[in-house]
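Quick notes on the structure that follows.
Numbering (mature numbering (1 follows the signal peptide of the UniProt record, and there is no 0)), first residue to last: -24 to -1, 1 to 347.
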């Protein structure tokens, strides 16, 4: 059912305000985020004529806490014209080392947290391998230096025909004239990392595995998919280095074109190469201040298609920017350069044949207030 976004936002805000005190008594905290966004696209005549656009980005309501030993974590986001759950799960601590999470929970794959520093995410996000959430259960082991994450998921958070979702999942529908009937199902994940402490910092080194099926809604048969990754998150003083190398493959049942597949996120759908390698290299440095902190960074990612279609090209994205933290506010200032990259230029895909002559640029400034 399609709800009126403005009405839903008002109701949710009133509910949060009227019930926050009562919920807090039971150990549940209510908070959220309001964001506004400015963007300037060098490849858009309309954007250049207007000197960019400054618009409402989103309102998020967050719930976190415990009642009778069972925890709750949830976040619901309202965007301009659409809305979506980011996550919603119950959690339980079996002992000091093991925790279980049940519901719409984070998929343990790749560098723990994010493989990016910017508001724009890294290339893996646009394929469904960064900050992804699915319906299932995860189990987390913290043994000090050794940490293990195990996940079992039945499917994505919404139906495959819906593009109004926060995280990237397989899409079922028509994209650029090609009809896709694919749906994620029966997924398993394993991530193992080792935390190494040293004078001045620490390094988290690990690997991830993902395997799942692809259900074809027309034929009733299943294909399969997998992804593997090696990752490093190292800190030394105020410096941070992130490295990740990964490979994925979608082998759908009875595809119209075995070289590509459709995904969706943020109220849009697009095509990606069905098999590729993705490499990420991110460097950041933080500068503490008397009023907060400033972090400057450069995030670079590239996807190399590994398909039978020789016309497919690499996709590249580089984000240079800074994040400014001051009191309840957090601001990203990003310069995004993309070549043959979705959302960072005119190309509406990742890893397919390039449709323009080179790099595209955009400036993105996101203002956030956290409460």
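No residue lacks a Cβ here, since even glycine has one placed at the ideal position from N, Cα and C.
Bear in mind that the values here come from a model prediction, so they are computed numbers and not experimental data.
May I ask you to report which of helix, strand or coil DSSP gives residue i?
| i | result |
| --- | --- |
| residue 83 | coil |
| residue 151 | strand |
| residue 349 | For the chain, the structure presents residues -24 to 347; residue 349 sits outside this window and is missing. |
| residue 194 | coil |
| residue 100 | helix |
| residue 299 | strand |
| residue 23 | helix |
| residue 140 | coil |
| residue 105 | coil |
| residue 349 | Shown here, the chain extends from -24 to 347; a query on residue 349 therefore has no answer. |
| residue 91 | coil |
| residue 279 | strand |
| residue 9 | strand |
Nearest to residue i by alpha carbon, out of the options?
| i | options | result |
| --- | --- | --- |
| residue 311 | 327, 275 and 282 | 275 |
| residue 203 | 225, 220, 93 and 216 | 225 |
| residue 186 | 79, 334, 160 and 16 | 160 |
| residue 140 | 167, 155 and 54 | 54 |
| residue 198 | 228, 20 and 210 | 228 |
| residue 155 | 215, 79, 238 and 201 | 238 |
| residue 145 | 102, 128, 120 and 122 | 102 |
Roughly how many whole angstroms lie between the Cα atoms of residue i and residue j?
| i | j | result |
| --- | --- | --- |
| residue 264 | residue 305 | 15 angstroms |
| residue 150 | residue 222 | 28 angstroms |
| residue 194 | residue 243 | 24 angstroms |
| residue 303 | residue 271 | 15 angstroms |
| residue -15 | residue 170 | Residue placement at residue -15 is poorly supported in this model, since its pLDDT is 43, which falls under 50; the coordinates still yield a value, given next. Looking at the two C-alpha atoms, the distance is approximately 45 angstroms. |
| residue 184 | residue 252 | 16 angstroms |
| residue 165 | residue 278 | 23 angstroms |
| residue 41 | residue 5 | 6 angstroms |
| residue 64 | residue 99 | 25 angstroms |
| residue 78 | residue 47 | 10 angstroms |
| residue 313 | residue 285 | 25 angstroms |
| residue 119 | residue 71 | 11 angstroms |
Looking only at its chain, what residues have a beta carbon closer than 7 angstroms to the beta carbon of residue i, apart from the 5 residues adjacent to it on each side?
| i | result |
| --- | --- |
| residue 176 | 212 and 213 |
| residue 32 | 12 and 56 |
| residue -1 | Only weak support exists for where residue -1 lies, its pLDDT of 44 falling under 50; the value from the coordinates is given anyway. Correct list: empty, nothing qualifies. |
| residue 296 | 274 and 311 |
Near residue i, what residues of its chain come up, given a Cβ to Cβ distance below 6 angstroms and the 5 sequence neighbours on each side ignored?
| i | result |
| --- | --- |
| residue 108 | 83 and 143 |
| residue 38 | 7, 8 and 51 |
| residue 17 | 23 and 338 |
| residue 131 | 111, 160 and 161 |
| residue 208 | 181 and 219 |
| residue 210 | 179 and 217 |
| residue 316 | 289, 291, 323 and 330 |
| residue -4 | Note that residue -4 scores 40 on pLDDT, short of 50, meaning its location in the model is unreliable; the coordinates nonetheless yield the value given after this. Answer for residue -4: no residue qualifies. |
| residue 319 | none |
Check the DSSP bridge columns for residue i and list the partner residues they point to.
| i | result |
| --- | --- |
| residue 188 | 201 |
| residue 74 | 117 |
| residue 222 | 205 and 254 |
| residue 338 | 17 and 312 |
| residue 261 | 215 and 272 |
| residue 54 | 35 and 59 |
| residue 127 | 114 and 165 |
| residue 156 | 149 |
Should residue i be counted as a contact of the ligand PLP given a C-beta to heavy atom distance under 7 angstroms?
| i | result |
| --- | --- |
| residue 17 | Because no ligand of any kind appears in the structure shown, any question about the ligand PLP cannot be addressed here. |
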